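Student:
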Amino acid sequence: MDLKQRKVWNEQHRLLTAIISKPEEHSRATELFISQHSLLHSPSILETYQTTLEDELLRDLDEKVFRHDPTPNPDTNNSIAWHLWHIARIEDMTMNILVATESQVLFEENWLEKMNIDYIHSGNDMSEKDIALMSSRIEMKQLVAYRRAVGKRTQQVVSKLKPGQFKEKVEQERIGQLFKENAVSQNSKWLAEYWSKKTIAGLILMPATRHNFLHLNKCIRIKERLRK
102 MDLKQRKVWN EQHRLLTAII SKPEEHSRAT ELFISQHSLL HSPSILETYQ TTLEDELLRD
162 LDEKVFRHDP TPNPDTNNSI AWHLWHIARI EDMTMNILVA TESQVLFEEN WLEKMNIDYI
222 HSGNDMSEKD IALMSSRIEM KQLVAYRRAV GKRTQQVVSK LKPGQFKEKV EQERIGQLFK
282 ENAVSQNSKW LAEYWSKKTI AGLILMPATR HNFLHLNKCI RIKERLRK
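With the numbering used here applied, the sequence shown corresponds to residues 102 to 329, in that order.
(1) Would you call residue 200 buried or exposed, if buried means 16 or more other Cβ atoms sit within 10 Å of its Cβ?
(2) Less than 9 Å separating the beta-carbons of residue 143 and residue 249?
(3) Does the beta-carbon distance from residue 177 to residue 308 come in below 9 Å?
(4) Determine whether the Cβ of residue 189 lies closer than 9 Å to any Cβ atom of chain C.
(5) When DSSP labels each residue in this structure, what does residue 270 get in the three-state scheme?
(6) Going by C-alpha to C-alpha distance, which of 133, 233 and 261 sits closest to residue 109?
(7) What would DSSP say about residue 177, mapped onto helix, strand or coil?
(8) Leaving out the 5 sequence neighbours to the left and right, which residues in its chain are closer than 6 Å to residue 286 when beta-carbon positions are compared?
(9) Can residue 121 and residue 267 be called in contact, C-beta distance under 9 Å?
Listed below in structure tokens is the structure:
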């Protein structure tokens, strides 16, 4: 995605925001979400041949740049590795615990073992030491594969929602499940409180789409600065 394509993405996201809570626009909103979401992941999740924002980031991304921590970026000190892991975890837990009440993708197919890490929370309020350790250890290809699996599941979850469900509030029992599964740490209670005030539409707009978009753009800026 070049700058022109990113501008179009933002315009389409504003349209999605305007229609997603209207039951009569359910099919259109779902199709638009799938399109928007696909442009933030690997083309393989929807078998599209469009260049995605993830494509742009991963193109010629070497492991040294991927793991570099702290970064020389004005809006973040965290590595690209951390950002990719963070957005994958956030999407996994919100879509599967808060929206679908299903098991997280993380706990299927031994993803923790494959990625060579044992962090299962969202990464918010993570210490600098832990960020550096995770960045040095995580398996890059397996992280990308995990994020791809999360993306596929998200599209399945959203595709199953019925007209009117986008307007539903997040159930408080599901917020409690975040802590039971250690998806959100006690130091990040503010995050759970933030999500507790959201509707399903709100979670789809942020984090399932815009949160990914913002962090991927940060990653691209980090890559560009480190390669100068």
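Glycine included, every Cβ here is placed at the ideal spot set by N, Cα and C. All of these numbers come straight from a predicted model, not from anything done at the bench.
Tutor: So, from the listed chains and residues:
(1) If you number the sequence shown from 1, residue 200 lands on position 99. Buried: at least 16 other Cβ atoms inside 10 Å.
(2) In the sequence shown, residue 143 corresponds to position 42, counting from 1. In the sequence shown, residue 249 corresponds to position 148, counting from 1. Yes, they are a contact pair.
(3) Walking along the sequence shown from the start, residue 177 turns up at place 76. Walking along the sequence shown from the start, residue 308 turns up at place 207. No; because the gap between Cβ atoms is not below 9 Å, this pair is not in contact.
(4) The chain labelled as chain C is not found in the depicted structure, where only one protein chain is given.
(5) Position 169 of the sequence shown holds residue 270. Residue state, collapsed to three classes: strand.
(6) Within the sequence shown, residue 109 is the residue found at index 8, counting from 1. Comparing Cα-Cα distances from residue 109 to each of 133, 233 and 261, the minimum goes to 133.
(7) In the sequence shown, the residue the question calls residue 177 occupies position 76. Residue 177 falls in the strand class under three-state DSSP.
(8) Along the sequence shown, read from residue 1 onward, the residue named residue 286 stands at position 185. Here the set comprises 222.
(9) The residue given as residue 121 occupies position 20 in the sequence shown. The residue given as residue 267 occupies position 166 in the sequence shown. Contact: yes.
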